[in-house]
Amino acid sequence: MSDIVSQERSFFYPLFLNLVKVISPDFHLLPAAQFIVYALAGFIFFRGLRIANFSQIQALVTALPLLHTQILWRYVHVQVAEILSVSMAILTIAFMFMFVKQTYNNFLLIALSLSLFLTYQTRPSFLFLIPLVPLLTIILLFFFNYHQRVRNNFYRNIVVKILIACFIPYLLFNILRTSLVNTSGVVSFSGYSLSGITTRSVESCNKTLQCLGFTQVKSLVY
């Protein structure tokens, strides 16, 4: 467990690669696997819209453009986390739409929580979904139920549920990571990554200045 939470990158994409490696040791089937995951996420998103009372035409018009995105056709053949992370984000939004219309369904709440967790465990840049999903859920709840009579504690109960589903897995993971490797956050690479980007930028700037005759700036990168 400590090996998983202490590595420099989040764990879900490496886990996905290991699963693909079982059926395709040379990763020849990786593009197909990534496309299948993305297409399945798009279909579940379509189903989520239908459950949320979108008409079939409205759901199709909303979901079909997902199959014509730059990120899909640019990265589906590449061994990078973009396709899987976007797929998990689409799943998260799909389960959110389903849950808004079926707030009694705890399975949907668990699916939403798990898909959100795996989204930022694929790419930490999706951490913004943790506060955004509860906010969107509350807005959609009011939108779908404003004309109906609901019990007084209806919204309060749903808000508590969605906040727990979104924030508790993140907090528990941070507690686990802190106890095992004595550091919080999803991954450890942020500072390392930033220093690498900064160093390359300074080196690039240094070379440009040297070409212009400013040879004394050589010491900037040391």
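Reading the sequence shown from the start, the letters are residues 10 to 231 in my numbering. Beta carbons: idealized from backbone N, C-alpha and C, even for Gly. All figures in this text were calculated on a predicted structure; none of them were measured in a lab.
Between Ser94 and Thr131, the C-beta spacing is below 8 Å. Secondary structure at Arg18: coil, using DSSP grouped into helix, strand and coil. The region 117-124 makes no contact with the region 63-77: fewer than 3 CB pairs, one atom from each, lie closer than 8 Å.
When DSSP states are grouped into helix, strand and coil, Leu76 belongs to the helix group. Taking C-beta atoms as the reference points, Leu100 and Ser124 count as a pair closer than 8 Å. Taking the CA atoms as reference points, Ala174 sits about 15 Å from Ala103.
A straight-line Cα-Cα distance of about 17 Å links Gly51 and Arg83. In summary, Ile32 is exposed, with fewer than 16 beta-carbon neighbours lying within 10 Å of its beta-carbon over all protein chains present. Boundaries of the alpha helix (DSSP H) harbouring Gln43: 39-60, taken from the DSSP string. Cβ atoms of Tyr47 and Ile92 come within 8 Å of each other, at about 6 Å. Counting other Cβ atoms within 10 Å of its Cβ, Val169 stays below 16 and is therefore classed as exposed. Beyond the five residues adjoining it in sequence on each side, Ser64 comes within less than 7 Å, by CB distance, of no other residue in the same chain. If you draw a straight line from the Cα of Ser19 to the Cα of Gln67, it is about 36 Å long.
Going by C-alpha positions, Val109 is about 10 Å away from Leu145.
Annotation: the continuous alpha helix (DSSP H) that includes Phe126 extends over 115-129.
Closest in alpha carbon position to Leu150, among Phe163, Val87, Arg186, Leu138, is Phe163.
Rounded to whole angstroms, Ala41 and Val85 show a C-alpha spacing of 8 Å. Ranked by Cα distance from Ser96, the first of Leu28, Phe44, Leu58, Leu39 is Phe44. The beta carbon of Ile167 sits closer than 7 Å to those of Thr112, Leu150, all from its chain and outside the five residues before and after it, given in chain order. The Cβ atoms of Ile171 and Pro143 sit closer than 8 Å to each other. Cβ neighbours of Leu127 within its own chain (closer than 6 Å, five residues either side excluded): Phe21, Met97. The beta carbon of Arg59 lies closer than 8 Å to those of Gln65, Ala68 in the same chain, with the five residues before and after it left out.
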